[in-house]
Structures are given as C-alpha cells and as structure tokens.
Amino acid sequence: MQHGHRPAAAEQVPATLVPETGWHFLHLFYRIDREVLARLGPEAREQGRSDVLAALSTDPAPGIEQRQCFVTPGHKSDFGVMMAGPDLRAIHRVQTALQASAIGPALVPTYSFYSITEVSEYVPDAEQYGAILRDREGMDPESSAYKAKVNAYANRLEPMNRQRLYPEFPDWPCFCFYPMSKMRQGEQNWYLLPFEPRSQMMAEHGRSGMKFAGKVSQVITASTGLDDWEWGVTLWARNPAYLKDIVYTMRFDESSARYALFGAFYFGFIVPPAELLEAVRL
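227 is the number that numbering that gives the first Met the number 0 gives to position 228 of the sequence shown; each next residue is one higher, with no gaps.
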C-alpha cells in the first residue's frame, strides 16, 4: 500500500439479527412474588392470566420455531420458558409480554440464558471421520467394514447437524439446563491444548452420551461473548433418573473431570401453558 492511500474497504456483509446458521435460544426463569400477587384484584389477576396464556401460546409464532414452558421444583424459580428460532425480536417479545402482563409485577426474573445453536468444531465430517477410523482405530481404509462405517456416518451426519442447528424440542416430561465453560487455569487450560487431544477427549465424551440414546436428548448452544458462560446444555429425558445418570456418567470423561466448569443446574417438568398456570397457582 502506498503512503497516504486508504486501505481497501472490507467486504460488506449483511447487518442483521438473524444468525448465518442456527437459531437464537433463550431460557427464562421466574419466581412468583405471592405478596404482590395477593394484592392484585380479581380482574387484574384474570387479565394477567389471559396475558400469560397469550404470550405462551403453543400456536406457531412467526420467528419462534420451538417453545416450551415448564415448572421448576425447589427455590431457584417457580417456572420458566425456553424458546428457539431465527427472530430475536419475536423471542424478546415473549419475554416483554410476560413482564408487561397484568400480573407482571408478581413475576420476578431469577435467571436467564441467551445463546445460539451451533455445530461443534469437534464434530468431524465424513472424511475426517474416516481419518479417525484409520489413524486412531487402525482400520484398513480398503476394508468393507471401514467403508460401511464411513457411509453410515455420512448418512447420519446431515440429520444430526440439522438437529443441532434447528432442534425440535422432544415431547418428553422433564428437562435439565445448566451453563458450562472450559477451564483456563494453570496447567488445566483447555485453550492451550492442541486440537487433536481436545478432539479425542470430546469424541470420548460423545461416546459416553450415546449410551443414553432414546432416553436423553440434548442441545448444546454457544454463548461465548453472549452470556457469562461459554455454552448452555439443555437435556430432555423420558425419566428424571436418566438426567442424573447421564450427568454422573459423563463427568468421568477427561474433558469434564479435568477441564469443565459448571454453573447452577435447573430441573423442571414440561407442561402446556394452561396447566402451568394451575400448577404454579397464578
């Protein structure tokens, strides 16, 4: 570049709130202030119930592709809602509608988590998977077993990645959410490790999780630079015991035992909006 000349303009990219791939994902948790709720008159309370039902309607809403509400036992919160979709404004409107409802003054936010769905960098494509079979497991790339494994993986990969980016919420009775980050302390610094050992540890972690196929479904969302933690983990299960079992099992993997930091865990059971109002006595 000659002296005095301006640098070439960077390529322009669209300025938009819509992710290039994947969806926005928002978890909201609320506690009910019973004293404030008791001071509301019958008309305000009935109007507030209608407002909340409208905000949590299961009817498809433009920009919100998935939505569930849940009851949370214990003291951390009374109930919550999780939403995913391409339109951040539409998702935020639900949050605002709850807070602006006639019973909004009685709804005290206790926790929230914003993130974006992603396909992890540790998910190999078909070619990389073949290299793993060859280099780590010693399989002959000319063997029929090798070719069958690579073809089977290639056929599974697209739907698996689609579920990671555009997840369908399972119609299962219970869920768990927790935030997590990777350790960056002394010799336990995940980000100073070369990619290969990180990839191997994450592959081991994935194999542990696959033992719970059909019992537990998960979505890992990215929050680095967006929230206080680096990822959010949402698990759905056919039974609460499966949540306990999978988290316990996977904590023995080196990627968790040595390098993982966990935030608070939130457990809940999924209910339709009308049942939610009765369950928490709004």
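All residues carry an ideal CB built from backbone N, CA and C; glycine is no exception. Computed from a predicted structure; not experimentally measured.
Would you tell me roughly how many angstroms separate the C-alpha atoms of residue i and residue j, rounded to the nearest one?
{"i": "residue 97", "j": "residue 55", "result": "9 Å"}
{"i": "residue 29", "j": "residue 140", "result": "54 Å"}
{"i": "residue 144", "j": "residue 158", "result": "23 Å"}
{"i": "residue 0", "j": "residue 12", "result": "Annotation note: pLDDT 47 at residue 0 (below 50); position unreliable, no value reported."}
{"i": "residue 10", "j": "residue 276", "result": "50 Å"}
{"i": "residue 52", "j": "residue 199", "result": "46 Å"}
{"i": "residue 66", "j": "residue 136", "result": "41 Å"}
{"i": "residue 93", "j": "residue 181", "result": "31 Å"}
{"i": "residue 86", "j": "residue 153", "result": "31 Å"}
What does DSSP give as the partner residue(s) for residue i in the beta ladder?
{"i": "residue 114", "result": "24"}
{"i": "residue 188", "result": "183"}
{"i": "residue 269", "result": "69"}
{"i": "residue 82", "result": "25, 66"}
{"i": "residue 234", "result": "175, 217"}
How is residue i classed by DSSP in three states: helix, strand or coil?
{"i": "residue 217", "result": "strand"}
{"i": "residue 65", "result": "strand"}
{"i": "residue 17", "result": "coil"}
{"i": "residue 153", "result": "helix"}
{"i": "residue 194", "result": "helix"}
{"i": "residue 0", "result": "Low local confidence applies: a pLDDT of 47 at residue 0 is under 50, so the model's placement there is unreliable, with the coordinate-based value given in what follows. Note: residue 0 maps to coil in three-state DSSP."}
{"i": "residue 223", "result": "coil"}
{"i": "residue 90", "result": "helix"}
{"i": "residue 102", "result": "coil"}
{"i": "residue 108", "result": "strand"}
{"i": "residue 30", "result": "strand"}
With distance defined between alpha-carbon atoms, name the residue in the options nearest to residue i.
{"i": "residue 259", "options": "204, 275, 281", "result": "204"}
{"i": "residue 107", "options": "124, 75, 274, 278", "result": "75"}
{"i": "residue 212", "options": "245, 45, 189", "result": "245"}
{"i": "residue 219", "options": "122, 271, 155, 194", "result": "122"}
{"i": "residue 163", "options": "153, 36, 221", "result": "221"}
{"i": "residue 160", "options": "147, 168, 124", "result": "124"}
{"i": "residue 183", "options": "208, 250, 254", "result": "254"}
{"i": "residue 282", "options": "26, 281, 88, 215", "result": "Since the first and last residues shown for the chain are 0 and 281, residue 282 lies out of range."}
{"i": "residue 224", "options": "73, 256, 112", "result": "112"}
{"i": "residue 91", "options": "63, 41, 148, 36", "result": "63"}
{"i": "residue 33", "options": "187, 105, 249", "result": "105"}
Regarding residue i and the ligand COA, is the C-beta to nearest heavy atom distance less than 8 Å?
{"i": "residue 51", "result": "Of the ligands one can find in the structure shown there are none, so the ligand COA has no counterpart to examine."}
Let me see if you follow: with CB-CB separation under 9 Å, is residue i close to chain B or not?
{"i": "residue 50", "result": "No chain B appears in this structure, which consists of one protein chain only."}
Next on the checklist: Would the segment 169–179 count as touching the segment 262–275 if we require 3 or more Cβ pairs under 8 Å?
Outcome noted: The segment 169–179, when compared against the segment 262–275, does touch it at the 8 Å Cβ threshold.
Checklist entry - Are three or more beta carbon pairs between the segment 230–237 and the segment 121–138 nearer than 8 Å? => result No, because fewer than three Cβ pairs between the segment 230–237 and the segment 121–138 fall closer than 8 Å, the two stretches do not touch.
Next on the checklist: Is it the case that the segment 109–122 contacts the segment 12–25, given that we only count it when at least three CB pairs across the two stretches are under 8 Å?
Outcome noted: Yes, they touch.
Item to check | Meets three-Cβ-pair contact criterion under 8 Å: the segment 66–84 and the segment 189–200 | outcome: These segments do not touch.
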